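J.: Input: one structure, supplied below.
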Amino acid sequence: MNPIEQIKDAVVRGRSNALSKYPPDMAGKPGVVELIETALSKHLEVGKILQQGLIAGMEVVGDKFSNGEYFLPDLLMSAQAVKAGMQLIDPLLRGEDSRKLGVIVIGTVRGDMHDIGKNLVAVVLEGGGFDVIDLGIDVSPETFLEQGREHPEAVIGMSALLTTTRESIRTTVDILREADLKNKIIVGGAVVNQEFADEIGADGYSRDATKAVHLVKDLLGITA
Ligand code: B12
Numbered sequence: 002m003n004p005i006e007q008i009k010d011a012v013v014r015g016r017s018n019a020l021s022k023y024p025p026d027m028a029g030k031p032g033v034v035e036l037i038e039t040a041l042s043k044h045l046e047v048g049k050i051l052q053q054g055l056i057a058g059m060e061v062v063g064d065k066f067s068n069g070e071y072f073l074p075d076l077l078m079s080a081q082a083v084k085a086g087m088q089l090i091d092p093l094l095r096g097e098d099s100r101k102l103g104v105i106v107i108g109t110v111r112g113d114m115h116d117i118g119k120n121l122v123a124v125v126l127e128g129g130g131f132d133v134i135d136l137g138i139d140v141s142p143e144t145f146l147e148q149g150r151e152h153p154e155a156v157i158g159m160s161a162l163l164t165t166t167r168e169s170i171r172t173t174v175d176i177l178r179e180a181d182l183k184n185k186i187i188v189g190g191a192v193v194n195q196e197f198a199d200e201i202g203a204d205g206y207s208r209d210a211t212k213a214v215h216l217v218k219d220l221l222g223i224t225a
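In the numbering used here, the protein residues as written are 2 to 225.
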């Protein structure tokens, strides 16, 4: 297995670091943290570590959870491993480039606690040169409204992973539109698609974090 595949595997197995007791059959073996350190020392690209290691691993975990092979504790261990890895590469993704292309306000909508995907989108946008204001999870329409008013130039991003909270996106978009906010709105998350985005009058949808950067650049007319 190459170093990136090892990172992906460690995410799938929910192994954060070498000191962790989990999973028991991997005692003493490196986890996501050590594997990323090794990958970085070999000058592997941070973007690859993120996309093909952390995100790809979490996608496998998502599928295993959906088909009943994994249960909640497995899921949480993997989420923790991704978090540990993100802490390591986050500063590198942000880069030293202080040029800012624009502001993004992003959050997971009311009633929804899922934030792994939203966090990835936030980090990748930051890495792409944007200032990101992350409102966290379970964000009320009122908070989005306040932030939109405070940052009229910002693109607002909303994430939802549940069929029920997809409706929170709709409500939030309606409230922002009724208040006549001119912010561009982008939406995403596993239960969202282009059709839904069009239906609720969002300005854009992207199925993953990397495409979100292109989407925001397109919306803001940034050609570089
Ligand atoms: C991890 C997870 C959890 C974790 C969340 C941990 C965390 N900190 O986020 C925990 C265990 C807490 C959890 C809880 C629940 N979950 Co859950 N969970 C998942 C799981 C397995 C993976 C989600 C994930 O992180 N995927 C990986 C990331 C990288 O993908 P992503 O989120 O889709 O994000 C990518 C894109 O969608 C996009 N994107 C995301 N957001 C945005 C935003 C913008 C603006 C843009 C442009 C793009 C974008 O870019 C991201 C990166 O590429 C999914 C199953 C699955 N296969 O998706 C179920 C799933 C979403 N959960 C589900 C359910 C039902 C629940 C619970 C209700 C379970 C329960 N009975 O308690 C609770 C809900 C709690 C709540 N109120 O929110 C269902 C939802 C079913 C539905 N359609 O409504 C799913 C589909 C599982 C299933 N098959 O049943 N869950």
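Ideal Cβ placement from N, Cα and C applies to all residues, glycine included.
Values in this document were obtained by computation on a predicted structure and should not be read as measured data.
Bridge partners of M159, per DSSP?
T.: In the sequence shown, residue 159 corresponds to position 158, counting from 1. DSSP, once it has assigned bridges, lists G108, V188 as partnering M159.
J.: Counting along the chain, where does the beta strand (DSSP E) carrying V193 start and finish?
T.: Within the sequence shown, residue 193 is the residue found at index 192, counting from 1. Segment: none, V193 is in no beta strand (DSSP E) and carries neither H nor E.
J.: Say yes only if the C-beta of H215 is nearer than 6 angstroms to one or more non-hydrogen atoms of the ligand B12, and no if none qualify.
T.: As a position in the sequence shown, residue 215 is number 214, starting the count at 1. H215 Cβ: outside cutoff for every heavy atom of the ligand B12.
J.: Any idea if M114 is buried or exposed, counting beta-carbon neighbours within 10 angstroms, 16 or more meaning buried?
T.: Residue numbering aside, residue 114 sits at position 113 when the sequence shown is read from its first letter. Counting Cβ neighbours within 10 Å, M114 comes out exposed, since fewer than 16 surround it.
J.: Is there contact here, the segment 142-151 with the segment 192-207, by at least three beta-carbon pairs under 8 angstroms?
T.: no
J.: Using only the alpha-carbon positions, how far apart do T211 and V125 sit?
T.: Position 210 of the sequence shown, counted from the start, is the residue given in the question as residue 211. Position 124 of the sequence shown, counted from the start, is the residue given in the question as residue 125. Going by the C-alpha atoms only, they are around 7 angstroms apart.
J.: Hey, A213 and V122 are a contact pair by Cβ (cut 8 angstroms); roughly how many whole angstroms apart?
T.: By 1-based counting over the sequence shown, the position of residue 213 is 212. By 1-based counting over the sequence shown, the position of residue 122 is 121. Going by Cβ atoms, the distance from A213 to V122 rounds to 5 angstroms, so yes, they are a contact pair.
J.: Residues in its own chain within less than 7 angstroms of A40 by CB, not counting five upstream and five downstream?
T.: Taking the sequence shown and counting its residues from 1, one reaches residue 40 at position 39. The residues are P4, I5, I8, I50.
J.: Could you give the first and the last residue of the continuous beta strand (DSSP E) run that contains I1?
T.: Given that the chain is displayed from residue 2 to residue 225, the structure contains no residue 1 and the question cannot be resolved.
J.: Please work out which residues of its chain come closer than 7 angstroms, Cβ to Cβ, to A11, disregarding the five sequence neighbours upstream and downstream, and give them in chain order.
T.: Stepping through the sequence shown from its first residue, residue 11 is reached at position 10. Here the set comprises G32, V33, L36, A82.
J.: Report back the beta-carbon spacing between V110 and S160 to the nearest angstrom; my notes put them in contact at under 8 angstroms.
T.: Residue 110 sits at position 109 when you count from the first residue of the sequence shown. Residue 160 sits at position 159 when you count from the first residue of the sequence shown. Sure, about 7 angstroms apart at Cβ, within 8 angstroms.
J.: Under a three-way DSSP split, which group does G118 fall into?
T.: For the purposes of this step, residue 118 is identified with residue 117 of the sequence shown, where counting begins at 1. Residue state for G118 is assigned as helix, using DSSP reduced to three classes.
J.: Quick one: grab the DSSP three-state call for G205.
T.: Numbered from 1 along the sequence shown, position 204 holds the residue referred to as residue 205. It is a strand residue.
J.: Return the Cβ separation of I107 and G158 in integer angstroms, given the expectation that the two are a contact with Cβ distance under 8 angstroms.
T.: The residue given as residue 107 occupies position 106 in the sequence shown. The residue given as residue 158 occupies position 157 in the sequence shown. With 8 angstroms as the limit, I107 and G158 qualify as a contact, their Cβ atoms being about 4 angstroms apart.
J.: On the DSSP bridge assignment, give the partners of V140 in chain order.
T.: The residue labelled residue 140 in the question sits at position 139 within the sequence shown. In the DSSP output, where bridge partners are listed per residue, V140 has V110.
J.: Taking the alpha carbon of N184 as the reference point, which residue from D219, T224, I105 has its own alpha carbon closest?
T.: For the purposes of this step, residue 184 is taken as residue 183 along the sequence shown, with counting starting at 1. The shortest Cα separation from N184 among D219, T224, I105 belongs to I105.
J.: If you measure between the beta carbons of S42 and A85, is that distance less than 7 angstroms?
T.: Indexing the sequence shown from 1 puts residue 42 at position 41. Indexing the sequence shown from 1 puts residue 85 at position 84. Result no, Cβ atoms of S42 and A85 do not sit closer than 7 angstroms.
J.: Quick one: residues in its chain with C-beta nearer than 8 angstroms to the C-beta of D132, no 5 flanking neighbours on either side, listed in chain order?
T.: The residue labelled residue 132 in the question sits at position 131 within the sequence shown. Same-chain partners within the cutoff: K101, G103, V104, I105.
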